[in-house]
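Asks:
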Amino acid sequence: MKRTVTFFSVIGLVMMMMLFLILIGCQKKQPQVNINQDAIEEAGGGEFETVYWYVKAFNPQGQLLNVMAVDEGGHTYEVKAIQDSDQTSVMDVKAFVNNKILPVKVLVSLDKYLPVKAIDEDGTILDVKAFTADGQKLDVKGTRQSGNIIHLNVV
37 MKRTVTFFSV
47 IGLVMMMMLF
57 LILIGCQKKQ
67 PQVNINQDAI
77 EEAGGGEFET
87 VYWYVKAFNP
97 QGQLLNVMAV
107 DEGGHTYEVK
117 AIQDSDQTSV
127 MDVKAFVNNK
137 ILPVKVLVSL
147 DKYLPVKAID
157 EDGTILDVKA
167 FTADGQKLDV
177 KGTRQSGNII
187 HLNVV
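Quick note, the working numbering runs 36 ahead of the 1-based positions in the sequence shown.
Laid out in structure tokens, this is it:
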């Protein structure tokens with residue numbers, strides 16, 4: 037008998053708590069939110085300064101590989117990602133060739149892997165390669181696609 041009374045008293049207590057939570061949740065009060073846009077802009081510091089990130093690859097042993105654009109003459113040029121806003125999810129990847137900033141693109145191909153190239157203003161195509169510590173050149177290729185995102189790997 038004592039066990040039954042305890043059980044029903046616990047059930048009653050739980051039901052009262054649920055009723056209390058429902059009553060609190062059904063109030064039509066609007067939350068008071070005061071956002072001061074001027075304070076947000078002051079805290080942000082104004083203009084965002086452009087940041088240039090080095091583009092690197094890594095091998096299965098975890099060693100970093102330099103990623104560079106290579107012209108027909110064998111000259112190498114830096115490839116960097118440009119962060120021009122506060123977010124770091126999507127950045128422009130560019131090749132810095134003779135004081136020019138060239139786009140780096142994945143080209144259409146019938147091969148298994150898609151080539152990654154830098155394109156000059158006159159249409160000249162520069163290879164994008166990864167360099168090991170001993171100077172070996174490895175291709176940078178688009179290996180698979182997820183929607184509009186193409187995953188790049190060194191092959």
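Where is the CB? At the ideal position from N, CA and C, for every residue including glycine. Bear in mind that the values here come from a model prediction, so they are computed numbers and not experimental data.
#1: Measure the C-alpha to C-alpha separation of Y90 and D128 and round it to an integer number of angstroms.
#2: I'd like to know if the segment 150-165 and the segment 93-111 are in contact, where contact means that at least 3 CB-CB pairs between them fall below 8 Å.
#3: Thinking just about the alpha-carbon of each residue, which of T86, V190, L49 is nearest to the one in Q172?
#4: I need the DSSP call for L146, collapsed to helix, strand or coil.
#5: In this structure, how does DSSP classify G178 when only helix, strand and coil are distinguished?
#6: Helix, strand or coil, according to DSSP, for V50 in the structure here?
#7: Rounded C-beta distance between A154 and P139? I'm assuming under 8 Å.
#8: Exposed or buried, K177, counting other C-beta atoms within 10 Å across all chains shown (16 or more means buried)?
#9: Count the other CB atoms, across all protein chains shown, that sit within 10 Å of the CB of K130; report buried if there are 16 or more and exposed otherwise.
#10: Assign L59 to buried or exposed, taking buried as 16 or more other Cβ atoms, counted over all protein chains shown, within 10 Å of its Cβ.
#11: When the Cα atoms are used, what is the spatial distance from G48 to F56?
Replies: The answer reads as follows:
#1: 12 Å
#2: yes
#3: V190
#4: coil
#5: strand
#6: helix
#7: 7 Å
#8: buried
#9: buried
#10: exposed
#11: 12 Å
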